[in-house]
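Residue numbers (my numbering): 1076 to 1568.
We put the beta carbon where it would ideally sit given N, CA and C, even for glycine.
This report refers to the structure that appears directly beneath it.
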Amino acid sequence: MKGRLVRKNRSGRWLDERRGSATSMDETWHPTTYRTHTLGDIQRKGAELVGQEVTVAGFLHASRGKGAICFADLRDGTGMTQVFAKADTLGEDQLSLLQGLTRESTLTVTGTVAQKRPPKTKEGEAPPPPAYEVLASSISVVAEAEAPLPLGVTDTVGVGLDTRLDNRFLDLRRAHVNAMFRLRAKVLQYGREHLITEGFIETHTPKIVATATEGGTDLFPMTYFDTPAFLNQSPQLFKQLCMSGGLERVFEIGPAFRAEKHDTYRHLNEFISFDIESSWSTDDDVMGVLERMLHHIWSSVANDAACQGHIQAINDWRASQDEEPIEVIVPELPFPRVEYDDAIRTIKERGGSIEWGDDIDAENSDLLAQGLPQFYFIPRWPMDLKPFYIHHVEGEDGSTGRQLSRGFDLNFGRDEMTSGGQREHRIDVLCDNLRDMDLDPEEFEFYVAGFRHGVPPHAGWGLGVERILMVLTGAKNVRETVLFPRDRRRVCP
RNA sequence: GCCCGUUUGGUGUAGAGGUUAUCAUGCAGGAUUGUCAUUCCUGCGACCCGGGUUCAAUUCCCGGAACGGGCGCCA
């Protein structure tokens, strides 16, 4: 954070003039029809720009001064810059236009870059590092904002989540909210980057499907021309067909739809699933892929200057809400593995009410997570808790003598991040599994057929992108991590 | 699907069976200012809907709607 350009706000903290910086130093910036420089540029390259004429554009963040001069803070996705206006350089008409402009209006400003006069500081307090401003010679109002705003972008008052989501476009203009989605893009970028280095290729499978549920959840029905169809709950069956097709290692980042009427901090009816499938692999092999990928994401975020800016924006906000700052702690490899058998024993020892063969609910997960501050795997679940496509090895029995599976979960604290496993590639076992779970192999013919003419053993997993973002950003509600979340009640906007 | 809770200006809140309904933010107007989410003055703006109890309901009761939270299930 050396050399940050900061200033103080009313609560006495220094604000980062470059906060929300979108462009890393190594990215290439091309001027557009509307601007020669971003506002972040003015601060970063201010020293060399002094005296030069620039055109900048952005939202009117705040304006001060109704007399002979006016200070207008302009904000774009890369930072903030103050515009200084006085009648003798801007002209009476344009000055009063600027002074009367509503907050959040968009405008372009042409003027000369200058170093700001330093703010008054209390005795003994160090002045902030130099910052730069634009001395306006002309302005052009692009789109005036109606007042009052349904949600004050700079207001100190709190705003309910529902109000925020109803007016998401304004909510997104707030630095810490904007930062969330820039971080989201980075997480996907680094995840993708890692899988490509391990030889995975990106695929897309259909979201409109004819088959009924593969179990465990309800689907959204729809009409596909004259045929009944559904929105897919997971790319599972299709990525397995890719294995049969010899694509070897695939990944997919795409939407999944579940029609469950849940109403919790961690569920959505449309979410982004980050899936992989890998041939000639076991559950243990793909757990390795997962932990290496998460490690890469975390260490990359920790070493990315833009990400640090986003984290800082979130922490500035958290400080104003009296919340502890978040920290990017790179998880150690390998992640702990707590087999289901051991998990049940540990939960019982800690006073949890659970029996072998039960799913591990949220309360019991809290007990299990004690002493596990980071990600941890739970491998080797009972076969009858896992879907029909999960593989098992005869003779691998739990402490009660019941068949174990090659399915695993990855948790963080009480929350499940990932579900995965080695898949059943033996067609006879697969069909038995379907029948055991009261599913009709006939209905899954398109899938079962993929196992009839040779198939490699394979394994994979599906990771909830939103839940990973919650861990990274400290968001307490999954809706915070989605631009336009779809939950039980919300389909608009 | 089950359980619990909330609903007061644009936004976030305080509060009481009879109030001029609190505060902040915002908005409008004015004064001031090389300011720093400026400061000061003046003004504007609200009790979710329907029914009941009562002399009187925004306040109590019932129902509805919207929203929030927890559980189950999952990512």
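By the neighbour-count criterion, in which 16 or more other beta carbons inside 10 Å mark a residue as buried, residue 1105 falls on the exposed side. In the structure shown, residue 1304 falls within a strand segment according to DSSP collapsed to helix, strand and coil. Separation of the CB atoms of residue 1425 and residue 1447 is rounded to 12 Å, and the pair is thereby denied contact status at 8 Å. In this chain, the beta strand (DSSP E) harbouring residue 1451 covers 1450-1454.
In this structure, residue 1335 lies near residue 1293, with their beta-carbon atoms less than 8 Å apart.
Distance between residue 1362 and residue 1518, taken at the CA atoms: about 31 Å. Contact between the stretch 1416-1434 and the stretch 1369-1389 is absent: fewer than 3 CB-CB pairs across the two stretches fall below 8 Å. Of the other Cβ atoms in all chains shown, 16 or more fall within 10 Å of the Cβ of residue 1332; this residue is therefore buried. Taking C-beta atoms under 8 Å as the contact rule, residue 1533 and residue 1353 qualify, at a distance of about 6 Å. Taking the Cβ atoms as the reference, residue 1325 lies roughly 24 Å from residue 1373, outside the contact range of under 8 Å. Taking one beta carbon from each stretch, the stretch 1152-1171 and the stretch 1202-1210 have 3 or more pairs nearer than 8 Å; the two touch. Per the DSSP secondary-structure output, residue 1340 pairs with nothing in a beta bridge. In this structure, residue 1176 lies away from residue 1124, with their beta-carbon atoms at least 8 Å apart. For residue 1545, the closest alpha carbon among the candidates 1265, 1412, 1320, 1341 is that of 1341. Judged by beta-carbon spacing, residue 1139 lies beyond the 8 Å limit of residue 1114, meaning their Cβ atoms are not closer than that value. In the three-state scheme derived from DSSP, where H, G and I count as helix and E and B as strand, residue 1380 is classed as helix. Beta-bridge partners of residue 1325 (DSSP): 1276, 1352. Residue burial is scored here from C-beta neighbours: residue 1560 has at least 16 other C-beta atoms within 10 angstroms and is therefore classed as buried. Take the alpha-carbon of residue 1401 and the one of residue 1390: they are about 6 Å apart.
Taking every protein chain shown into account, the CB of residue 1511 has fewer than 16 other CB atoms within 10 angstroms, so this residue is exposed.
Taking the CA atoms as reference points, residue 1241 sits about 40 Å from residue 1190. Assignment of residue 1557 by DSSP, reduced to helix, strand and coil, places it in the coil class.
Judged by DSSP secondary structure, residue 1517 falls outside any alpha helix (DSSP H); it is assigned neither H nor E.
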